[in-house]
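As structure tokens, the structure follows; a few thoughts come after it.
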């Protein structure tokens, strides 16, 4: 497998002998001092890179450097910070193809989806550049004569970003492009499944630093380490904010640890997303949305459709048509043109899928399509599967757990109120959708009595959010919000200011203290 794109990006500059650097800042590239590990491509199981995990001592050095960079960066005018992000975005455009190839190599995404992920990075750069001139507070009416009250938003400090394998560049960009224009230093701890993606990110940042040498060199750093480094990040009071994307179990650990020191955590965790299909729905449109939402990225998106809640009058139609649509999907090497589904990320993911399907059958479900591993006409060594469709009761325990694999559970409802109860009964609350031609059903779904998720869509699927809206969910999804809208406020601290320009000292609430 040729990896020329790594050299073009400059990732090879982070290599020392048999190992890639595990600690990368604008000034230094260091091999970790911990245990060695090898990352493998899900395409064919091939070893792609070897690292040594960074140590907690090395993390301490990175944080010290990030603190120093922050103290300098926080006083730079926000529009100039936006100029740095503009340069990063232009470089991501220039190297879009190569960046996408790294994602495909390590995450197993088909190339069009990988290109889409890099486009998210580019889009959030454009958003952040505009935002750099709009970090505004309010002027607030004071009850005291001769006084003015206002609020300001100030940079927060070094921010840690812990990412998952499935969106190794976009999630970093959502956080870091906003974090940088807000005046913060950014430290990335990537998934150990996608370390080269992190090196590619830092290679782009380093190119931007060359074009804008006045920017502090350590404003963006990468540290590649194991669980102990993640734990140390969560415990470190020098990180006022830790943004973590991954499983609910991981997020709960991060949230508890950061909370104990009264820090902030921004959590993007499990989904277990549902789509309601009404008897009034355009079934052709719904079918297309179901297929992409359920099988895109081999079911390894946090917004993947996992529960299809169909009205009794349309479920048989969908059950008949879905397997036909699934069988037309080309599964194979994600680098090959025309393939729409690539591999699961590793054997562990395959094992969890098989375990979930077994439990579904034990709990009364019926696998009506797929679920098996594919070994013909696919690269040897990868775990390619046929996406599964399972008809099962909505309250089966397995349906309330999220399996990060292409399994679609199909259940039915009679009334819209019942459908909403089924939609909301799971612990997770990320993305949701309804297909309906009824204005009343659509508005009910979006109302306070409707979907309890952070994302609620009408006549589009659960997957494929735009960067302009705030991304995140409720309940076991963690409550965090990233990307658009006013998510930038996560990366700043609010200061309420009162100015007395009069000659007296009146107290609030009319208190007299003389």
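In my numbering, the protein residues as written are 407 to 920.
Idealized CB from N, CA, C, for every residue including glycine.
Everything numeric in this text was worked out from a predicted model, so none of it was measured.
- Counting only runs of 4+ residues, the alpha helix (DSSP H) found wholly inside the stretch 425-510 occupies 462-479 and 484-500, in chain order.
- Taking a cut-off of 8 Å for Cβ pairs, the stretch 541-561 and the stretch 889-909 touch, as three or more such pairs fall below it.
- By the Cβ test, the stretch 758-773 is in contact with the stretch 801-818, since at least three Cβ pairs between them sit closer than 8 Å.
- The C-beta separation of residue 488 from residue 534 comes to about 7 Å, placing the pair in contact by the 8 Å criterion.
- By the Cβ-count criterion, residue 466 is exposed, with fewer than 16 other Cβ atoms from all chains shown falling within 10 Å of its own Cβ.
- Judged by DSSP in its simplified three-state form, residue 573 adopts coil rather than helix or strand.
- DSSP, reduced to helix, strand and coil, places residue 611 within a helical segment of the structure shown.
- DSSP places residue 585 within a helical segment (H, G or I) once states are collapsed to three.
- When the Cα atoms are used, residue 681 and residue 545 turn out to be separated by approximately 43 Å.
- DSSP places residue 717 inside the beta strand (DSSP E), whose first and last residues are 711-717.
- By a beta-carbon distance limit of 8 Å, residue 882 contacts residue 676. Their separation comes to about 6 Å.
- The C-alpha of residue 421 lies about 19 Å from the C-alpha of residue 626.
- At a Cβ-Cβ threshold of 7 Å, residue 792 and residue 776 count as neighbours.
- In the structure shown, residue 650 adopts extended strand secondary structure according to DSSP, grouped into three states.
- Less than 7 Å separates the beta-carbon of residue 575 from that of residue 603.
- With a beta-carbon spacing of about 7 Å, residue 639 and residue 568 fall inside the 8 Å limit used to define contacts.
- Here DSSP, grouped into helix, strand and coil, assigns residue 888 to strand.
- Relative to residue 842, the option among 879, 652, 691 and 643 whose CA is nearest is 691.
- With 16 or more other CB atoms across the displayed protein chains lying within 10 angstroms of its CB, residue 599 is buried.
- In this structure the stretch 553-573 does not touch the stretch 437-447; the number of beta carbon pairs closer than 8 Å is below three.
- Sequence-distant Cβ neighbours of residue 912 in its own chain, meaning closer than 6 Å and more than five residues away, are 550.
- For residue 618, the closest alpha carbon among the candidates 761, 482, 450 and 412 is that of 482.
- Counting only runs of 3 or more residues that sit fully inside the stretch 522-577, the beta strand (DSSP E) segments are 553-561 and 565-568, in chain order.
- Between residue 587 and residue 668, the C-beta spacing is not below 7 Å.
- Restricted to the stretch 848-889, the beta strand (DSSP E) segments that are unbroken, complete and at least 3 residues in length are 861-864, listed in chain order.
- With respect to residue 740, residue 515 sits close: the two C-beta atoms are nearer than 7 Å.
- In the same chain as residue 865, and ignoring 5 residues on each side of it, the C-beta atoms closer than 6 Å to its own belong to 841, in chain order.
- A check of alpha carbon separations from residue 654 across 884, 470, 816 and 457 identifies 884 as the nearest.
- Pairing residue 673 with residue 687 gives a Cβ-Cβ distance that is not under 7 Å.
- DSSP links residue 900 through a beta bridge to 559.
- Spatial neighbours of residue 862 in its own chain (CB-CB distance under 6 Å, excluding positions within 5 residues in sequence) are listed in chain order as 838 and 852.
- Under the three-state reduction of DSSP output, residue 917 falls in the coil class, being neither helix nor strand.
- Across the structure, residue 780 and residue 790 are spaced so that their CA atoms are roughly 5 Å apart.
- For residue 828, the enclosing alpha helix (DSSP H) stretches over residues 822-830.
- Buried is the label assigned to residue 706, since at least 16 other Cβ atoms lie within 10 Å of its Cβ.
- An exposed status is given to residue 433, since fewer than 16 other beta-carbon atoms sit within 10 Å of its beta-carbon.
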